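Engineer: Okay, here's the structure, questions in a sec.
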Amino acid sequence: MIGNLAFQGMDVKLEPEWKSVLSDEFSKPYFQSLQKFVNSAYANSACFPAENLIFSAYQKCPFSKVKVVILGQDPYIKPGQAHGLSFSVPEGMAFPPSLRNIFKEMSEDLGQVIPPSGNLSHWAEQGVFLLNATLTVQEGTSGSHHGQGWEDFTDATIKALNEREEGIVFLLWGSFAQKKSHFLDERKHLILKAPHPSPLSSYRGFFGSKHFSQCNSWLEEKKQEGILW
Numbered sequence: 013m014i015g016n017l018a019f020q021g022m023d024v025k026l027e028p029e030w031k032s033v034l035s036d037e038f039s040k041p042y043f044q045s046l047q048k049f050v051n052s053a054y055a056n057s058a059c060f061p062a063e064n065l066i067f068s069a070y071q072k073c074p075f076s077k078v079k080v081v082i083l084g085q086d087p088y089i090k091p092g093q094a095h096g097l098s099f100s101v102p103e104g105m106a107f108p109p110s111l112r113n114i115f116k117e118m119s120e121d122l123g124q125v126i127p128p129s130g131n132l133s134h135w136a137e138q139g140v141f142l143l144n145a146t147l148t149v150q151e152g153t154s155g156s157h158h159g160q161g162w163e164d165f166t167d168a169t170i171k172a173l174n175e176r177e178e179g180i181v182f183l184l185w186g187s188f189a190q191k192k193s194h195f196l197d198e199r200k201h202l203i204l205k206a207p208h209p210s211p212l213s214s215y216r217g218f219f220g221s222k223h224f225s226q227c228n229s230w231l232e233e234k235k236q237e238g239i240l241w
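Going by the working numbering, the residue at position 129 of the sequence shown is 141; the numbering climbs one at a time, nothing skipped.
Have a look at this one:
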């Protein structure tokens with residue numbers, strides 16, 4: 013709601029593990045500047061997601077539980093869609109085009125029906141970290157909160173995950189997400205790349221990539237449970 017502070021001071025709504033892992037970020041100049049920018053943006057314009065949902069990806073998937081990372085770019089820019097998890101929409105919302113294509117590939121890869129809901133919280137609860145590189149956006153304007161400090165924070169997040177001893181599957185869809193691969197140790201983690209699931213690029217290799225089955229096979233080889241997609 014316009015007029016409220018999105019977050020202030022050390023009151024960053026992260027799950028305790030994440031708050032500990034990223035504690036050094038909160039005192040850095042970029043984060044102080046980011047807080048001022050986001051609070052001003054939410055006070056003066058319609059922004060998404062709602063303030064209490066900005067850190068949903070971190071709240072729903074503790075640091076030690078992350079098995080898979082799916083990296084998006086921005087929250088959705090239309091009312092009611094964004095709820096803090098990349099590519100996900102709340103119950104009852106129509107599937108945006110990219111999410112529709114994700115479900116299509118998942119269905120063909122795994123031989124299962126497309127789910128009735130676009131809410132991916134059940135993925136997050138199993139260890140799928142659904143992270144957008146920028147955690148907030150102004151209504152109707154993609155990229156409107158780029159370059160304000162979010163990328164520094166989410167890059168620090170990715171670097172922290174890279175340092176974990178146990179391997180993680182990174183699903184990097186599209187050129188933006190794939191640029192983050194230079195942070196990652198391919199000897200330890202599985203890095204799967206494909207074009208973005210957007211209708212503009214999905215036909216170039218996202219369809220048929222079989223990332224969902226490859227992900228589960230790798231996790232099971234590492235003696236971890238696969239994801240119930």
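Here a beta-carbon is modelled for each residue, glycine too, at the ideal position from N, C-alpha and C.
These figures come from a predicted structure and were not determined experimentally.
Let's see if you can read the secondary structure: which residues bound the alpha helix (DSSP H) around residue 135?
Structural biologist: Your numbering for residue 135 matches position 123 in the sequence shown. Where residue 135 is concerned, the enclosing alpha helix (DSSP H) stretches over 133–136.
Engineer: Quick check: residue 180 and residue 81, are their CB atoms within less than 8 Å of each other?
Structural biologist: Taking the sequence shown and counting its residues from 1, the one referred to as residue 180 is at position 168. Taking the sequence shown and counting its residues from 1, the one referred to as residue 81 is at position 69. Yes, they are a contact pair.
Engineer: Looking only at its chain, what residues have a beta carbon closer than 6 Å to the beta carbon of residue 145, apart from the 5 residues adjacent to it on each side?
Structural biologist: Position 133 of the sequence shown holds residue 145. The answer, listed in chain order, is 85, 163, 166.
Engineer: Here's the rule: buried if 16 or more other CB atoms are within 10 angstroms of the residue's CB, otherwise exposed. What is residue 103?
Structural biologist: Within the sequence shown, numbered from 1, the residue matching residue 103 stands at position 91. Its Cβ having fewer than 16 others within 10 Å, residue 103 is exposed.
Engineer: Check whether the region 145–156 and the region 194–204 touch, using three or more Cβ-Cβ pairs below 8 Å as the test.
Structural biologist: Segments in contact, no.
Engineer: Pull up the distance between the alpha-carbon of residue 69 and that of residue 39, whole angstroms please.
Structural biologist: In the sequence shown, counting from the first residue as 1, residue 69 sits at position 57. In the sequence shown, counting from the first residue as 1, residue 39 sits at position 27. Those two C-alpha atoms are separated by around 21 Å.
Engineer: Does DSSP classify residue 153 as helix, strand or coil?
Structural biologist: Position 141 of the sequence shown, counted from the first residue, corresponds to residue 153. Here residue 153 sits in strand by DSSP.
Engineer: Which full runs of the beta strand (DSSP E) of 3+ residues lie inside the region 41–111, going along the chain?
Structural biologist: Qualifying beta strand (DSSP E) stretches, in chain order: 80–84.
Engineer: What is the rounded straight-line gap between the Cα of residue 87 and the Cα of residue 235?
Structural biologist: Translated into the one-based positions of the sequence shown, residue 87 becomes position 75. Translated into the one-based positions of the sequence shown, residue 235 becomes position 223. Each residue's alpha carbon lies about 33 Å from the other.
Engineer: Check this for me: beta carbons of residue 121 and residue 57, under 8 Å apart or not?
Structural biologist: As a first step, residue 121 is located in the sequence shown; it is residue number 109 there, counting from the start. As a first step, residue 57 is located in the sequence shown; it is residue number 45 there, counting from the start. Contact: no.
Engineer: Based on the DSSP output, what are the partners of residue 143 in its beta bridges?
Structural biologist: In the sequence shown, the residue the question calls residue 143 occupies position 131. For residue 143, which the question treats as bridged, DSSP gives the partners 83.
Engineer: If you count every other CB in all the chains shown that lies within 10 Å of the CB of residue 215, and 16 or more means buried, which is it?
Structural biologist: Walking along the sequence shown from the start, residue 215 turns up at place 203. Per the 10 Å Cβ criterion, exposed.
Engineer: Which residues in the same chain have their Cβ closer than 8 Å to the Cβ of residue 29, if we skip the five residues on either side of it in sequence?
Structural biologist: Numbered from its first residue, the sequence shown carries residue 29 at position 17. Hits under 8 Å: 74, 75, 76.
Engineer: Using 10 angstroms around the beta-carbon of residue 47, count the other beta-carbons present and answer buried if the total reaches 16, otherwise exposed.
Structural biologist: By one-based count along the sequence shown, residue 47 stands at place 35. So residue 47 ends up on the buried side.
Engineer: Could you compute how far the alpha carbon of residue 231 sits from the alpha carbon of residue 78?
Structural biologist: On the sequence shown, residue 231 is found 219 positions in, with the first residue counted as 1. On the sequence shown, residue 78 is found 66 positions in, with the first residue counted as 1. The straight-line gap from Cα to Cα measures roughly 12 Å.
Engineer: Is it true that the CB of residue 53 sits closer than 8 Å to the CB of residue 148?
Structural biologist: As a working mapping, residue 148 is identified with position 136 in the sequence shown. As a working mapping, residue 53 is identified with position 41 in the sequence shown. Contact flag set, yes.
Engineer: Quick test of your reading: residue 65 and residue 96, contact by CB under 8 Å. State the CB separation rounded to the nearest angstrom.
Structural biologist: The sequence position of residue 65 within the sequence shown is 53, counting from 1. The sequence position of residue 96 within the sequence shown is 84, counting from 1. Confirmed, about 4 Å.
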